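S.K.:
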Amino acid sequence: MPSPRTPALHPGDQLASVTGTTRVIVIRAPQEVTGPVECGGSPMVPAQDAPAAQPAGQTPDTLIGKRYVDPADTLELLCTVSGTGHLTYGGEPLAVKPPKALPASD
Numbered sequence: 003m004p005s006p007r008t009p010a011l012h013p014g015d016q017l018a019s020v021t022g023t024t025r026v027i028v029i030r031a032p033q034e035v036t037g038p039v040e041c042g043g044s045p046m047v048p049a050q051d052a053p054a055a056q057p058a059g060q061t062p063d064t065l066i067g068k069r070y071v072d073p074a075d076t077l078e079l080l081c082t083v084s085g086t087g088h089l090t091y092g093g094e095p096l097a098v099k100p101p102k103a104l105p106a107s108d
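Okay, here's the thing in structure tokens:
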């Protein structure tokens, strides 16, 4: 059961970093929330509640268009705005999901 500090995640939710410019959309969410989605060590907030993002002056850690998954493959996020700070979920780092190979068209 999620605590008030860790709201439930639903596909389509848009989250934003409070420490950078990173924004993500939840593609797949776990049945039970095990912790907050964090970017750069701070919990992400709903995008509509996020403070105005400051332009990033550093090389981004999260890349636009990439999908990020947790080790159990229960959470999948799509990065919509690149930014600094690594994504984590429940204290575990999220990894870039490898793209699926397209079928051969002979």
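The sequence shown begins at 3 in my numbering and counts up by one. A virtual CB, placed ideally from N, CA and C, is assigned to each residue, including glycine. Here the structure is a predicted model, which is why all the values come from computation and not from measurement.
Please go through the same chain and pick out, in chain order, the residues whose beta-carbon is closer than 8 Å to the beta-carbon of P73, but skip the five residues on each side of it.
M.R.: What you label residue 73 is simply residue 71 of the sequence shown in a count that begins at 1. E94, A97.
S.K.: Give me, in chain order, the residues of the same chain whose beta-carbon lies closer than 8 Å to that of H12; leave out the 5 immediate sequence neighbours on both sides.
M.R.: As a first step, residue 12 must be located in the sequence shown, where it is residue number 10. Taken in chain order, the residues that qualify are V28, A31.
S.K.: Among G43, S19, T76, S107, which residue has its Cα nearest to the Cα of V35?
M.R.: Here the question's residue 35 lines up with position 33 in the sequence shown. Nearest of G43, S19, T76, S107 to V35, Cα basis: T76.
S.K.: For G14 and P48, what's the separation of their Cα atoms in angstroms?
M.R.: To locate residue 14, count along the sequence shown from 1; it is residue 12. To locate residue 48, count along the sequence shown from 1; it is residue 46. Straight-line Cα distance between these residues: approximately 11 Å.
S.K.: Just mark L17 as buried or exposed, buried being the case when its beta carbon has 16 or more other beta carbons within 10 Å.
M.R.: Within the sequence shown, numbered from 1, the residue matching residue 17 stands at position 15. Under this definition L17 is a buried residue.
S.K.: Can you say whether G22 is buried or exposed, counting buried as having 16 or more other CB atoms within 10 angstroms of its CB?
M.R.: Position 20 of the sequence shown holds residue 22. Buried is the call here.
S.K.: Of the choices T24, S84, A10, whose alpha-carbon is the least far from that of A52?
M.R.: Locating residue 52 in the sequence shown gives position 50, counting from the first residue. Checked all of T24, S84, A10; the closest Cα to A52 is T24.
S.K.: Just mark P100 as buried or exposed, buried being the case when its beta carbon has 16 or more other beta carbons within 10 Å.
M.R.: As a first step, residue 100 must be located in the sequence shown, where it is residue number 98. Counting Cβ neighbours within 10 Å, P100 comes out exposed, since fewer than 16 surround it.
S.K.: For T82, tell me which candidate among Y91, Y70, G92 has the shortest Cα-Cα distance.
M.R.: On the sequence shown, position 80 is the one that residue 82 refers to. Out of Y91, Y70, G92, Y70 has the C-alpha closest to the C-alpha of T82.
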